[in-house]
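For the record, the sequence lines run as chains A and B. Under this note's numbering, the residues of the first sequence are numbered 599 to 1036, in order. Under this note's numbering, the residues of the second sequence are numbered 16 to 293, in order. Quick reminder that beta carbons are idealized off the backbone N, C-alpha and C, glycines included. On a predicted model such as this, the values are computed, not experimentally measured, just so you know. Input: a single structure, listed below in structure tokens.
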Amino acid sequence: MGSEVIRSEGLSKRYRLGQIESYATLRDILGRLGGAPLRLLRGESAFPERDRRGHVWALRDVSFSVRAGEVVGIIGRNGSGKTTLLKVLSQITAPTSGQVQIRGRVGSLLEVGTGFHPELTGRENVYLSGSILGMSRKEVSRKFDEIVAFSGVEEFLDTPVKRYSSGMYVRLGFSVSAHLEPEILFVDEVLAVGDTAFQKRCREKMQSVSKSGGTILFVSHNMSAVRSICDRTILLDAGGIVSDGRTEDVVTEYLTGGSDSCETGVIPEDVHRIGTGTARIRSVALLGREGRPTKQLRIGEPFRVEIALAVDEALTDGVVEIDISSLDGVYGVTAFSTDQEEQLVTLGLGEWTVAADLGVSLLPGRYTIDLALHHRGAPYTIDFVRRTLDFDVGNVGEGGAAPYPFEIKRGFVRPESRWHEPTRTSGVSRPRAAETSN
Amino acid sequence: MVSRDDALVRTIRPHRKVFTLGLRELWRHRELFFFFAWRDIKVRYKQTVIGALWVIIQPLFTMVVFSLIFGNLAKIPSDGVPYPIFSYCGLLPWGLFSRGISQAANSLVANQQLITKIYFPRLLLPLSSVMTGLVDFAVAFVVLIGMMLFFGISPTWNVIWIPAFLLVTVMTALGVGLWLSALNVRYRDVRYVLAFLTSLWLYATPVIYPTSLLGGRLAFLLELNPMSGVVEGFRWALLGTGVAPGRMFLISSLASLLLLVTGRLYFARLERTFADVI
């Protein structure tokens, strides 16, 4: 019987739409100020743009409470308010109304390698990151050996982190966060970055926190992870709590719910995303054989993924990633822009479109697209958004291809195959089963 | 029910209209302050060999240029000491100020990754930026001592005032830095304003010329600039030039305090929206 560690009452967060636009310049401001007196004289509003701007409620009256030792999943589609909720709980942004009471030390795994500076060595970054995450210097020293051992980068401890491979970078970053020993842990899609071995480690870490009585709030798109770790799940939609209860029930509700999930492929600004943020993925479109946007494909239909990006900081070492996964978050197909040839993407400031033709025949089912833009080297991930666009593959073959023959679908992909005529290996058939059974 | 008696309970509420200095929060995160400063210094010295020497090269080189143009060519008087050391001495606190405000102005934007991911008092960033300037100052100061030996000038007992001058410099740099860093989050062209502002400010400070060159009303305007009192004070304490800048320093301190307080207020007001806008 634990007592409450988190109690949220009527938590709401409103963003003025203008806040999420791109930066103003002083020039704009002066221009607008200059025109104000004239507008006032004419009887109009002094700052018409400001009034015209609407509001968006990222969180609406969110109330819930969490007891010590609970592992709670927080799910919802893009723009549902999951990230905003975590940000408010982590004190990164203040609520507009309502309040939250939190008891105990909080640790946030909102990103791996928080605070890492590419020029500093692994050792230096461990101290820096540890301090940023809230550990005292003494604490970091005490746990230093454990942190290093967990990450497996002992050999390279005194090399600048910019020379690390992406795997090492992520492992070290996570290792520091993992040793926070908080009483309450907020985890977001950290699991999405890294290979399966790493994801397993993350999961184990969360389980150990939970076993020692710690409380975990886990934001994720990966339903199988949520199912395996969380006892209880909260479903958010449009900033409000839709459902709060047993994980199995809530996850099912999410998966079968709303045909307007990830309909358009347009990615809201404040969506849950990971990365340095120097470029943003704005929208995605799936083009079928006719070259028109669609959400319905056939088995074997050639398709193109078209990604719209906005770049704030030019880059010359870009790698674009397209992942296709099942709705419950299991990855099926992954493509990188460097797959066929080591051609790095160069993007200057401004808006860009990147497109890729993927030659894969997906089996019937419901899928979704995750997208990412990385640097080839540290600090790696620039922007990573899950579940950008849902689409279906119907059980119809493209051209002359056959549909999937059975009810129960196994797997994601139909490979190209050429079957050979059966060749006889011997003249005698094997004894029949009935005669050999005992 | 979360026990209200439990000291560990934190309540997160919408921002209150009442303003707090936030000193307790700063103290709680004091270690992080040192880590930020340590990080900035380490990174700077790791990057280039020149980077480490730049701290000395810049004021020295500026001094040479000033000496040639203002000392020799324009023959600006220098209160009885050789022009090179006159200008170098003034350039020291000036450097602390100008580097401080430029580092501080960019500190929030440069750390936007952190600001959107983790909680800590945002004030730490401009604060640590200004403080790292003190390290640079110390290095350049050593060179000044060398120069003083070279010119055979010995410091006066008034050097005990140096810490006071440094304090006012830091306060001014911090005040202006807070204004600029907060503005920079919203209006990204602050960067361009900064270069312009710094140049202008240099000419409004008696670094190149002595205050004694100006008369009456102009001299008064000069006094409103907090850096004037500092620079004159530095030269007075180290080189024995001019008169004790009593009144000037008093006005400087007040102006500096004003900048700091208003800067802190503005910063606090915008702070609540940093993570949203950045």
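Is any beta-carbon of chain A found at less than 8 Å from that of residue 282 (chain B)?
Residue 282 (chain B) is outside the set of residues whose beta carbon lies under 8 Å from a beta carbon in chain A.
Sufficient close CB pairs (3 or more, under 8 Å) joining the region 870 to 889 of chain A to the region 958 to 978 of chain A:
These segments touch.
Any beta-carbon of chain A closer than 8 Å to the one on residue 26 (chain B)?
Answer yes: the Cβ-Cβ gap between residue 26 (chain B) and chain A drops below 8 Å somewhere.
Closest by CA to residue 910 (chain A), which one among B:188, B:258 and B:124?
Checked all of B:188, B:258 and B:124; the closest Cα to residue 910 (chain A) is B:124.
Just list the residues that DSSP pairs residue 12 (chain B) with in beta bridges.
Residue 12 (chain B) lies beyond the stretch modelled for chain B, which goes from 16 to 293, so this question has no answer here.
At a CB distance below 8 Å, what residues from the region 715 to 726 of chain A approach chain B? Give them in sequence order.
Answer in chain order: 715, 717, 718, 722, 725 and 726.
What does residue 807 (chain A) touch in chain B if you count any residue whose Cβ is under 9 Å from its own?
Correct list: empty, because the minimum Cβ distance to chain B is about 18 Å.
Any C-beta of chain A under 8 Å from that of residue 50 (chain B)
Contacts with chain A at 8 Å (Cβ-Cβ) include residue 50 (chain B).
If I measure Cβ to Cβ from residue 152 (chain B) and keep anything under 6 Å in the same chain, skipping five residues before and after, which residues do I get?
Once the five neighbours on either side are set aside, the close Cβ partners of residue 152 (chain B) are 111.
Assumed close pair residue 998 (chain A), residue 962 (chain A) - CB separation to whole angstroms, cut-off 8 Å:
Residue 998 (chain A) to residue 962 (chain A), Cβ: 17 Å. No contact.
Which of the three DSSP states, helix, strand or coil, is assigned to residue 956 (chain A)?
Residue 956 (chain A) sits in a strand when the DSSP states are folded into three classes.
Any chain B beta carbon closer than 8 Å to residue 803 (chain A):
It does not; no Cβ of chain B falls within 8 Å.
Are the region 717 to 732 of chain A and the region 45 to 61 of chain B touching by the rule of at least three beta carbon pairs closer than 8 Å?
The answer is yes - the region 45 to 61 of chain B touches the region 717 to 732 of chain A, with three or more Cβ pairs under 8 Å.
Tell me, please, whether the region 737 to 752 of chain A touches the region 688 to 700 of chain A by the rule of three or more beta-carbon pairs shorter than 8 Å.
These segments do not touch.
Within the same chain, show all residues whose beta-carbon is closer than 6 Å to that of residue 819 (chain A), passing over the 5 residues directly before and after it, in chain order.
Cβ neighbours of residue 819 (chain A) within its own chain (closer than 6 Å, five residues either side excluded): 927, 984 and 985.
Is the CB-CB distance between residue 238 (chain B) and residue 136 (chain B) below 8 Å?
Result no, Cβ atoms of residue 238 (chain B) and residue 136 (chain B) do not sit closer than 8 Å.
Give a yes or no on whether 8 Å exceeds the smallest Cβ distance from residue 690 (chain A) to chain B.
Under the Cβ distance rule, residue 690 (chain A) counts among the residues neighbouring chain B, one pair being separated by less than 8 Å.
Kindly indicate which three-state DSSP category residue 618 (chain A) falls into: helix, strand or coil?
Note on residue 618 (chain A): pLDDT 44, under 50, position unreliable in the model; the coordinate value appears next. Helix, per DSSP.
State buried or exposed for residue 42 (chain B), treating a residue as buried only when at least 16 other CB atoms are found within 10 Å of its CB.
Exposed, since its Cβ has fewer than 16 Cβ neighbours within 10 Å.
Would you please verify whether the beta carbon of residue 211 (chain B) is less than 8 Å from any beta carbon of chain E?
Annotation note: the requested chain E is absent from the structure, which comprises protein chains A and B.
Continuous alpha helix (DSSP H) assignments of at least 4 residues falling wholly in the region 733 to 781 of chain A:
You should have 735 to 749 and 764 to 776.
Using DSSP bridges, identify the partner residues of residue 109 (chain B).
Secondary-structure assignment with DSSP links residue 109 (chain B) through no beta bridge to anything.
Looking at the C-beta of residue 783 (chain A), does it have a partner C-beta in chain B at a distance below 8 Å?
Chain B contact via Cβ: absent.
Residue closest to residue 227 (chain B), alpha-carbon to alpha-carbon, out of B:175, B:92 and B:199
The option with the nearest alpha carbon to residue 227 (chain B) is B:92.
From the DSSP output, in three-state form, read off residue 62 (chain B) for me.
Helix.
Output needed for residue 829 (chain A): all residues of its chain with C-beta closer than 7 Å, excluding positions within five of it in sequence on either side, in chain order.
Excluding residues within five positions, the ones whose Cβ falls inside 7 Å are 668, 669 and 845.
Name the DSSP bridge partner or partners of residue 903 (chain A)?
For residue 903 (chain A), which the question treats as bridged, DSSP gives the partners A:884 and A:954.
For residue 891 (chain A), write down the residues that DSSP places opposite it in a beta bridge.
A:885, per the DSSP bridge assignment.
Over the uninterrupted beta strand (DSSP E) stretch that includes residue 199 (chain B), give me the two end residues.
Looking at the DSSP string, residue 199 (chain B) is not in any beta strand (DSSP E); the run it does join, the alpha helix (DSSP H), is 177 to 201.
So is residue 69 (chain B) in contact with chain A if we call contact Cβ pairs under 8 Å?
Residue 69 (chain B) does not count as touching chain A.
Any Cβ of chain B within less than 8 Å of the Cβ of residue 730 (chain A)?
Answer yes: the Cβ-Cβ gap between residue 730 (chain A) and chain B drops below 8 Å somewhere.
Proximal residues, the region 766 to 777 of chain A versus chain B, C-beta separation under 7 Å:
Those would be none; no residue qualifies.
Would you please state the rounded distance, in angstroms, between the beta carbons of residue 1001 (chain A) and residue 897 (chain A)? I believe it to be under 8 Å.
Correct: roughly 7 Å between the Cβ atoms.
So, for residue 141 (chain B): in the same chain, excluding its five sequence neighbours on each side, which residues have a beta-carbon less than 6 Å away from its beta-carbon?
The residues are 119, 122, 192, 193 and 196.
Exposure label - residue 173 (chain B); buried when at least 16 CB within 10 Å
A residue is called buried when at least 16 other Cβ atoms come within 10 angstroms of its Cβ; residue 173 (chain B) does not meet this threshold and is exposed.
Using beta carbons (cut-off 8 Å, strictly below), is residue 734 (chain A) in contact with chain B?
Yes - at least one Cβ of chain B is within 8 Å of the one on residue 734 (chain A).
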